[in-house]
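Trainee: Per this note's numbering, the very first residue in the sequence shown carries number 357; after that it's consecutive. Even for Gly, the Cβ is constructed at its ideal location relative to N, Cα and C.
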Amino acid sequence: MPQPMLVDVVADVVCPWCYLGWRRLKSALALRPDVPAQLIWRAYQLDPSLPEQGVDRKEYMAQKFKDPERLKAVHAALVEGGADEGIAFNFDAIEFAPNTNAAHRLIRWGLSAGVQDQVVEALFKAYFEQGLDIGDPMVLGDIAEAVGMERLVVLQLLAEGADKEAVAREHAMAVQGGVTGVPFAIFAGKVAVVGAETPERIVQAIDQAQASGA
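#1: Can you tell me where the alpha helix (DSSP H) holding Q512 begins and where it ends?
#2: Taking the straight line between their C-alpha atoms, what separation do you get for L488 and V503?
#3: Beta carbon of A444, beta carbon of E485: below 7 Å?
#4: Helix, strand or coil, according to DSSP, for L402 in the structure here?
#5: Measure the Cβ-Cβ separation of L395 and D473 and say whether it is below 7 Å.
#6: Please report the Cβ distance between M361 and F543, rounded to the nearest whole angstrom; I am assuming they are in contact, meaning their Cβ atoms lie under 8 Å.
#7: Excluding the 5 residues preceding and the 5 following Q564 in the sequence, name in chain order all residues of the same chain whose CB lies nearer than 8 Å to its CB.
#8: May I have the straight-line CA-CA distance separating D412 from L514, to the nearest angstrom?
#9: Let me know if V509 comes out buried or exposed under the rule of 16 or more other beta-carbons within 10 Å of its beta-carbon.
#10: Since V559 and L387 should fall inside the 8 Å C-beta cutoff, what is the C-beta to C-beta distance between them, to a whole number of angstroms?
#11: Can the beta-carbon of L479 be found closer than 7 Å to that of V369?
#12: What distance in whole Å lies between the Cβ atoms of V363 and A541, which are believed to be in contact at a cut-off of 8 Å?
#13: If I measure Cβ to Cβ from L580 and keep anything under 6 Å in the same chain, skipping five residues before and after, which residues do I get?
#14: By Cβ distance, which residues of its chain are closer than 6 Å to R507, with the 5 residues on each side in sequence left out?
#15: Evaluate Q401 with the Cβ neighbour count: other Cβ atoms within 10 Å of its Cβ, from every protein chain shown; 16 or more gives buried, anything less gives exposed.
#16: Quick check on the burial criterion: 16 or more other C-beta atoms within 10 angstroms. Buried or exposed for A528?
#17: Leaving out five residues before and five after G537 in sequence, what residues of the same chain have Cβ atoms less than 8 Å from its Cβ?
#18: Below 8 Å on the Cβ atoms is my contact criterion, and I expect A469 with M494 to pass it. Report the Cβ-Cβ distance as a whole number of Å.
#19: According to DSSP, simplified to helix, strand and coil, what is I562?
#20: Between the beta-carbon of G437 and the beta-carbon of L376, is there less than 7 Å?
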């Protein structure tokens, strides 16, 4: 069995393009069943300055997008692109823009539990399709339990602030490394794909990374 290709994915779970990019990455990997891959999710926060309890998303987005028509156009493009990958974006259901430090901590713990991809998928779905507040420890506890992690242990770790600084450091490292937008995927430490590229373009990157390792 060949060694799995390491794929570092720098992303934030409140970034809709990251959700689309994740699904497209899955589609690309399905097109290369002969290339086993291990994904490592790296923390990036679109806005680490948000309060822990989050803010009203509609107000927050109105400040970011001064032109409401532009925001509508972005949402429409995402809904259309998402439908191709089986994502049912429901932006109207999202009430809060959360600080994602706690969600990234859960993703981090998901790696050692062997369920990191499932945690990420569940966080994206909870936020973008169900409008759940993924800054809420109880919501994170539910997600942890659903993927087979110990709910009470996760709630205790969250309450203690475990790995809070580690996530902040990982975000700072990404910024220092030149990451200005996400998703940002690095294949075998050699080939980078920036943005929610098509599965075909991602397959090219996989092939390129493989060829350079030969």
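Mentor: Walking through what the data contain:
#1: 507-516
#2: 17 Å
#3: yes
#4: coil
#5: yes
#6: 6 Å
#7: F543, K546, V547
#8: 22 Å
#9: exposed
#10: 5 Å
#11: yes
#12: 6 Å
#13: What is shown of the chain runs 357 to 570, which leaves residue 580 out entirely.
#14: G497, A500, E501
#15: buried
#16: exposed
#17: V550, G551
#18: About 19 Å separates the two Cβ atoms, so there is no contact after all.
#19: helix
#20: yes
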